[in-house]
Every structure is written in structure tokens, then in C-alpha cells.
Amino acid sequence: MDDQDHDQHYDVTAAQDKWRKVWDDLNPFQAADDGSKERRYALTMFPYPSGDLHMGHAEVMALHDVIARYWWQRGYDVLNPIGWDSFGLPAENAAIKRGENPAVFTYANIETQAESFRRYGISFDWSRRLNTSDPEYYRWTQWLFLKFRERGLAYRKFSPVNWCPNDQTVLANEQVVAGMCERCGAEVTKRELSQWYFKVTDYAQRLLDDMEPLEATWPSKVLAMQRNWIGRSEGAHIDFAVDAPHYHGDPIRVFTTRPDTVFGATFMVVAADAKMAAELCAPERRAALEDYLVEVRKATDIDRLATDRPKSGVDLGVTAVNPVTGARIPVWASDYVLADYGTGAIMAVPGQDQRDWEFAKKFGLPVIRTVQPPEGFEEAGGEAFTGSGPAINSANDEISLDGLPVDEAKARIISWLEQKGVGKGFVNFRLRDWLLSRQRYWGAPIPIVHCGACGEVAVPEDQLPVELPDLSGADLKPKGVSPLAAAADWVNVDCPQCGGPAKRDSDTMDTFVDSSWYFFRYCSPHYTEGPFDPKAVRNWMPAAQYVGGVEHAILHLLYSRFFTKVLHDMGLVDFVEPFSRLLNQGEVINEGRGMSKSLGNGVNLGEMIDEFGVDAIRLTMVFAGPPEADIDWADMSPGGSVKFLQRAWRLSGDVGSEPGTPAEGGDVGLRQATHRTVSDAEQLVETQRFNVLVARTMELVNTTRKAIDSGCGPADPAVREAAEAVAILLSLVAPYTAEEMWARLGHEPTVARAGWPTVDPALLVQDSVTAVVQVQGKLRARLEVSPDITAADLEALVMADAHVQRALDGKDVRKVIVRAPKLVNIVTG
1 MDDQDHDQHY
11 DVTAAQDKWR
21 KVWDDLNPFQ
31 AADDGSKERR
41 YALTMFPYPS
51 GDLHMGHAEV
61 MALHDVIARY
71 WWQRGYDVLN
81 PIGWDSFGLP
91 AENAAIKRGE
101 NPAVFTYANI
111 ETQAESFRRY
121 GISFDWSRRL
131 NTSDPEYYRW
141 TQWLFLKFRE
151 RGLAYRKFSP
161 VNWCPNDQTV
171 LANEQVVAGM
181 CERCGAEVTK
191 RELSQWYFKV
201 TDYAQRLLDD
211 MEPLEATWPS
221 KVLAMQRNWI
231 GRSEGAHIDF
241 AVDAPHYHGD
251 PIRVFTTRPD
261 TVFGATFMVV
271 AADAKMAAEL
281 CAPERRAALE
291 DYLVEVRKAT
301 DIDRLATDRP
311 KSGVDLGVTA
321 VNPVTGARIP
331 VWASDYVLAD
341 YGTGAIMAVP
351 GQDQRDWEFA
361 KKFGLPVIRT
371 VQPPEGFEEA
381 GGEAFTGSGP
391 AINSANDEIS
401 LDGLPVDEAK
411 ARIISWLEQK
421 GVGKGFVNFR
431 LRDWLLSRQR
441 YWGAPIPIVH
451 CGACGEVAVP
461 EDQLPVELPD
471 LSGADLKPKG
481 VSPLAAAADW
491 VNVDCPQCGG
501 PAKRDSDTMD
511 TFVDSSWYFF
521 RYCSPHYTEG
531 PFDPKAVRNW
541 MPAAQYVGGV
551 EHAILHLLYS
561 RFFTKVLHDM
571 GLVDFVEPFS
581 RLLNQGEVIN
591 EGRGMSKSLG
601 NGVNLGEMID
611 EFGVDAIRLT
621 MVFAGPPEAD
631 IDWADMSPGG
641 SVKFLQRAWR
651 LSGDVGSEPG
661 TPAEGGDVGL
671 RQATHRTVSD
681 AEQLVETQRF
691 NVLVARTMEL
701 VNTTRKAIDS
711 GCGPADPAVR
721 EAAEAVAILL
731 SLVAPYTAEE
741 MWARLGHEPT
751 VARAGWPTVD
761 PALLVQDSVT
771 AVVQVQGKLR
781 ARLEVSPDIT
791 AADLEALVMA
801 DAHVQRALDG
811 KDVRKVIVRA
821 PKLVNIVTG
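Residue numbers for the sequence shown follow the UniProt record's numbering, so the first one is 1 and each next one is one higher.
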């Protein structure tokens, strides 16, 4: 090829239009699924169609696509599907405002996002596209619900919910702000409704145990969050007999992780809104309890568990018997105990629990310490002592714990309680069953019919899906029950069992149900004999890589893991964890704050793409820092990315040798740089250091340009080898530019399937190594060092470098991460 004018530029918009058409014709990213190659499943958390793509989508999809495209280049058969989590409350609220069916808003947004994804150049397999609001999909959501119910994992019970009396609707905890409805500002109350649950607690221990193999491939903070949510604790159930003439029920059973402190239980507390409180309450105290409940019902569970919340309560006018001391202790009702956690009651040990201490001090209740605090604790104003120490004040005529350490005291008291028949060792979990009922229209209908004669009756499988009726606008406005309850033609049916008059269940399912199994459906989205083809799932799953936001670290991932274990027990899958590896990307912020229209710091992705081009935005996102780090858009330079891409593109025009020319005999130094870069790139992608991958590609472009300018002519085959390597590396991040380069280099499309360059080990031998130095995730220096330099020597060399000192600018260094000899990352405080 002829030398190119270095000032020329390629037309970014024309390149985007050109290569989109080529990709549509070639369809290079459709999985073959024929067993001819090793399979890899690249999965990203599917989007909600609330509008067009935003900067968060731009980041997560760019990072995800690096992995998928790398696998294609490595010769794998890659499954990289796309779909939409298309049921949900936002679409229903939009439909109410617009006076239309939610499907209109939802499917219009899906098409908008699909077009934007295509423009953004993500390597999706569009043949596997799905929407959770399609009847072909939610038919199987309903089928799975019925199968779970057959296994005793789906059940219905009455439970309290947050209720907005103005909007006449149930609110999730996160929709209640300071006791008020976030939508209308009305004061929220509690209301009892019959709700459907999944018995996820049956799998609590397995959900914990199966995390161990994920330690090496999932972020540690995600596993910690899940463990905390499940909340396994070992302790004991202890029974306290009730001393009250009006009460004829069972003893009050409590769960405690510290049964060794039972000698210090000086009162009991029952959840004020628990049925037990009403049953225990003395007749003369019932009015006071009812008045108190009015206030309790205004608070969410999150509010009630807040440690800084002032303690309040009502004396129920009854006493219970402490089984180890024989003392009669008062029973109170309070909001700091929850009805559906543990047994809904606690033994209060104010000497050893801070909330109990605060309650005791407020209401003048006695405090008995049962663990010896350290010397000076009392004098220093110590309140409840929650640490370890020898037992004190813990003896009766039959047993003494005094002087024993905590673990030994716990074991001894549990044994004694079991001998006396007033207690038993027990493992408890903080995890609660999954409330999946929603009194909303835009969701998968629950496939149950309620018959006066037969009770709850499952809709026969051959009648699935139970499709939503066509409602819109005024039909969807909250009326105190689900909008479906008022759709007479839909809700009134014949009982499938006896043929008599019956009613459909008018609740719909939580959208977490839809998103707990979509990744199975991707494996065979057109399968009609079940929710998925078991053979296809065996071929592709578990997913080799899952990418998505850390905001889903608890519920979505936990429920997906729960679904997988149930499907395993049903014999439908042969594994128990759905995702082998997890990557959580950071947040895209602007000017130090989350992007928001109200704050005036929002950034429109479409406008950024119009100004800089897709590749520049993708490159900027990937190069900004480690994937898990937050990105402040105010600090980003997409203009700089444009300049680099132009330099890379021009390089492809400076190649004078023909395609297929052997590189042997070319410039040795340039060939070494090329092969080292490709070799490093493999490790960088595998370890998800994508920003460093971009840095190494930039270095190779600069090295190649210097080689050309210093006398290595365009006809030198080493220049072609380097330019082709740059095109393939850029195909992971900047696909349009990579395709342009590949075409200019004389190759047929697509570069995405060109294959990974072969590395010659002989060219990797080197006398020096380039150490990349980052400060706060940004490239600040490159140092040539010995391949066997020690971490200590490399750190000393880096900290003395003038470029590094300028970047630090006097800031405190909080941490220096050294990966000798190639990487140093400095974190400032």
C-alpha cells in the first residue's frame, strides 16, 4: 500500500453505518452450538426497558464485550445472548400516566434499546432474543411456579405489607421514605394481605455451603453480602412459660445465639404486630397495644431495625418464667423485634445487648450482667458489654456457668436446657422466605384458581400461559387490590377441578422471579417442551462469565442460585451454581455524584456517541480504570480516545507488504514488542485488567510508529505483523476502527473472527520489561526494568520517578500494589 498522509482522518459515522450492515449480513456472533468447538457462555445482566441506553449500560456492555470478543478470537463457540427484563412497576406507572397498556411503553423502549445496542457494536447473538413479558416466556415462569408449589416451595399466608392509603397500593420497603409514600407523600401504614411466598429458607444452608467453590471467581464483598443476608447463627431455642390466667397457649419460645446469658434475662419482648402479642396481652392493656400498633405500622422493617431508633413499647400486663432462675419477668411488646424473624420474641438481656440495655433504661427494668466486662468498663461509662469473657451471676441449685468462657458456657447450658425439656440447640437463619406476590397488573399472573369448594387449584399445564387481559390507563389505577381483580371477564372462571364458579388469583409475580431463570432460557429460547432444553443447558452452563452491577449482589444473585438448586433437585440440571465467574462493574458518576437530571449532571449517551463516535466511548469506558472502580465522567477524555483511534487507523495505511507476507526476517525489536504485547494481552483479559490491555495496545501503536519513523520501512513485514495485532486487540474494544484497519490491511471481514495471533516464545525473551505505573487507576509512567526485579526495588524505583511524584502532588499514599515486574498501582487517600 502507498504511504498515507498522517493528517488524514477517517469518517467515524460512515464507518459505523458501513460495518453495521456488514455485520448484519455476516451474522458473525451467532453461536454454532454444534459441538465443533469448546463452548463459552458470556452472560450480562439483562436490561430493564425504561428508556434508551444510559452511561451505565455503556460501561457494563463495553466491559462484557471485551470478554465475549476475546473468546471468539480464541476460537471458542460463544453464547452471548440479549433479552429484556420487561415486566415491572415503572412501565405500569407510565401506562397510567399515558392512558395506555404497559406493553406499548415497554415494547417501544425495547426496540429503542435494541437499536442502540446494535449501534454500540455489542457482539450479541440476536437469534436468542427474549422478553420476560412475552407469553411464550411467562408461560414457563408460571410452569415453574406450579412445579415449586408441587414440591412445597410455593405457599400462601397472611402477612403485613406497607400500604399507601392514598394510592391504594402495596409499597416495597424501598418505596417508603421516612414513613411516607415516595410517590405521593402520604403516610404509609401496615395492612394484612394474603401473600404468596417461595420457601427459600429450605435452601439456606445449601446457599451458604455452595459459596465455597466461588471464593476464587466471585468478588469477596458479594459473597460476604450474601452470607450476611442469609445470616446463619448457632444457638438455642428456649421456652418461657407464661404466667397469666387469660392465656392458654404454648410457652413463649425464643431463639438466642447466647443461651449462656439466659440468667440475665430480666424481661421479654414480643413483636408488637405479631399475633402472639395480641394473644398474650392482658385485657386491660389491649387498648394501649392497639394505640401503639397504629404507630408501629407506619415504620418499615428497615426503620424498625435501625440502631439509633428511640426505644418504645407497651407492657402487656403478663409475666413469663425464666426457666433457669424461676423469676417471673414482665413481657413487653415493641417495634424493635420483627414478627417474621426468628420466633417473633426475644429474651431481653440488657447487660449483654445494647438495644435491650436502652429499652431497660428507658422503662426502668433491671439489668443483670452475666459476662464479666474488662476492668474499668463500668467506670468508663460502659453500657451493654457484648464481648467475650468469663460467665458471672450464672448459677442455680443444679448448674453453674460462673467462670466458664463463652463457648463452654453455651454448650453446658444447652445440654442442661435439653435435659430439662425447656430448650434445644438450634441453627437459625436471618434469611426469610421470598415474598413474590405483587398487587400489580404488569407481571406474570400467578396460575392459581380459588374455588369455594376445592380451595386453591393449580391451572392445568395445558392451559398455560394464563395471559394478561388487555387493560390500560384508568383500568390500572390503584384501587386497593390488584387491577386484575376488577377484570371480571378474566378473573371469573370455572374451577378446573370441579367445574364450579371460581376466581383466578389476581396477584402477579415479583419480577425477580422472571430474572431468576432467564439465563437458562437463553440456551434454547424457542424450545416448546419445557422452560429450556436440558441438553442445551448441559452444553452451555454454568455460565462461564456473568457481568453486571453490584446493586444486584444480594437478591437477584441469591434467588438465581436458589432457582438453580431447585432445578437441580428436579433433575432438570446437573449443577448447583449458575455462574462460574462474576464481574461487578463500578458506577458511572459525574462531578463526584451519581448522574441525575435534578442535579443537572446527567450525561446523554446518545449525544456522546454523536460527538465522539461509538469506539471512542467504548475505549474511554474500558480505559478509565479497573472494571470494579467507579468512573467519574468529568475526568474522562473521549477526545483523547478519538486521537488514539485515528493514530491506530493511520497505522494500518502505513503497511507496504502484502497480506500473508511472513514476518520472519522483519525488524526484531518491533517483532519482540508485538509478541510481548499479544502475550501480555492474554493474561490481562483473563485477569480482567482491561484498562491495562488498552494501555499495552497504545504502547504497541507508539512503538510501531517510532519503528517506522526511525527507518523500519512500511514494507518491513514486522510493521504488518504489528498493525494486524493492533487491529485484533482493538477488535475487543473498538470494533468499528478494528474493522476499518483490517480492511485497509487487505483482509476480508470480519476481524472479530480473525483468530488470536500466534506468539513465538523465542521473541518473548527480553533483557528488560516495561513496568506500567498507575495512580488511582490512571496510567502515569512506564519504566524499563529488569524482568527479575523484586517488588521492593520496583516500588522504590516507582516512588522516585518524577512523573509519579507530579501525579501524586503531595497526596497521601494509602496503598501501593506491586505486581513485579510489570505493574504498580498507587492508591491515594
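Glycine residues also receive a C-beta, built at the ideal position from the N, C-alpha and C atoms.
With a Cβ-Cβ cutoff of 7 Å, do residue i and residue j count as a contact?
{"i": "Arg253", "j": "Thr319", "result": "no"}
{"i": "Pro28", "j": "Glu467", "result": "no"}
{"i": "Ala486", "j": "Val449", "result": "no"}
{"i": "Tyr292", "j": "Ala272", "result": "yes"}
{"i": "Ala725", "j": "Pro761", "result": "no"}
{"i": "Arg227", "j": "Lys565", "result": "no"}
{"i": "Val367", "j": "Pro350", "result": "yes"}
{"i": "Trp416", "j": "Ile392", "result": "no"}
{"i": "Leu583", "j": "Phe198", "result": "no"}
{"i": "Phe46", "j": "Asp85", "result": "yes"}
{"i": "Met741", "j": "Trp649", "result": "yes"}
When DSSP labels each residue in this structure, what does residue i get in the three-state scheme?
{"i": "Gly455", "result": "strand"}
{"i": "Val230", "result": "Strictly speaking, residue 230 in this sequence is Ile, with Val absent from that position. Helix."}
{"i": "Ser334", "result": "strand"}
{"i": "Lys811", "result": "coil"}
{"i": "Leu730", "result": "helix"}
{"i": "Met608", "result": "helix"}
{"i": "Arg69", "result": "helix"}
{"i": "Thr508", "result": "strand"}
{"i": "Asn825", "result": "strand"}
{"i": "Trp756", "result": "coil"}
{"i": "Gln805", "result": "helix"}
{"i": "Phe158", "result": "strand"}
{"i": "Phe532", "result": "coil"}
{"i": "Glu748", "result": "coil"}
{"i": "Lys420", "result": "helix"}
Roughly how many angstroms separate the alpha carbons of residue i and residue j, rounded to a whole number?
{"i": "Ser515", "j": "Ile67", "result": "22 Å"}
{"i": "His64", "j": "Ala544", "result": "12 Å"}
{"i": "Ala663", "j": "Glu611", "result": "38 Å"}
{"i": "Asp3", "j": "Asp716", "result": "For Asp3, the predicted structure reports a pLDDT of 40, less than 50, and the residue's modelled location is therefore unreliable. A value from the coordinates is still provided. Near 13 Å, if we compare the C-alpha coordinates of Asp716 and Asp3."}
{"i": "Ala42", "j": "Val547", "result": "8 Å"}
{"i": "Gly640", "j": "Gln776", "result": "18 Å"}
{"i": "Ile96", "j": "Lys479", "result": "13 Å"}
{"i": "Val765", "j": "Tyr522", "result": "44 Å"}
{"i": "Met297", "j": "Lys778", "result": "According to the sequence shown, residue 297 is Arg rather than Met. Roughly 50 Å separates the two Cα atoms."}
{"i": "Glu38", "j": "Glu748", "result": "25 Å"}
{"i": "Glu115", "j": "Met509", "result": "29 Å"}
{"i": "Asn131", "j": "Gln585", "result": "24 Å"}
{"i": "Gly625", "j": "Glu290", "result": "56 Å"}
Give me, in chain order, the residues of the same chain whose beta-carbon lies closer than 8 Å to that of residue i; leave out the 5 immediate sequence neighbours on both sides.
{"i": "Gly713", "result": "Gly656 and Val719"}
{"i": "Glu279", "result": "Tyr247 and Gly249"}
{"i": "Asp52", "result": "Asn109, Thr112, Gln113, Ser116, Leu605 and Gly606"}
Ignore the nearest five residues each way along the sequence and tell me which others in residue i's own chain have a CB closer than 7 Å to its CB.
{"i": "Met55", "result": "Val588, Met595, Val603, Leu605 and Trp633"}
{"i": "Met225", "result": "Ala553 and Ile554"}
{"i": "Val406", "result": "Asp260 and Ser388"}
{"i": "Pro465", "result": "Pro135, Tyr138, Arg139 and Gln142"}
{"i": "Val481", "result": "Gln439 and Ser506"}
{"i": "Ile617", "result": "Ala58, Met608, Ile609 and Pro638"}
{"i": "Ser560", "result": "Ser516 and Pro578"}
Go through its chain and collect everything with a Cβ distance to residue i's Cβ below 6 Å, but skip five positions before and after it.
{"i": "Ala453", "result": "Cys498 and Gly500"}
{"i": "Ser233", "result": "Thr257 and Asn428"}
{"i": "Phe562", "result": "Val200 and Tyr203"}
{"i": "Gly121", "result": "Val614 and Pro735"}
{"i": "Trp490", "result": "Pro469"}
{"i": "Thr169", "result": "Pro478"}
Looking at the secondary structure, which residues open and close the alpha helix (DSSP H) in which residue i lies?
{"i": "Asn691", "result": "Phe690 to Asp709"}
{"i": "Gln354", "result": "Gln354 to Phe363"}
{"i": "Pro102", "result": "Pro102 to Arg119"}
{"i": "Glu92", "result": "Leu89 to Arg98"}
{"i": "Ile617", "result": "Val614 to Phe623"}
Just to confirm the assignment, what range does the beta strand (DSSP E) spanning residue i have?
{"i": "Gln585", "result": "Leu582 to Gln585"}
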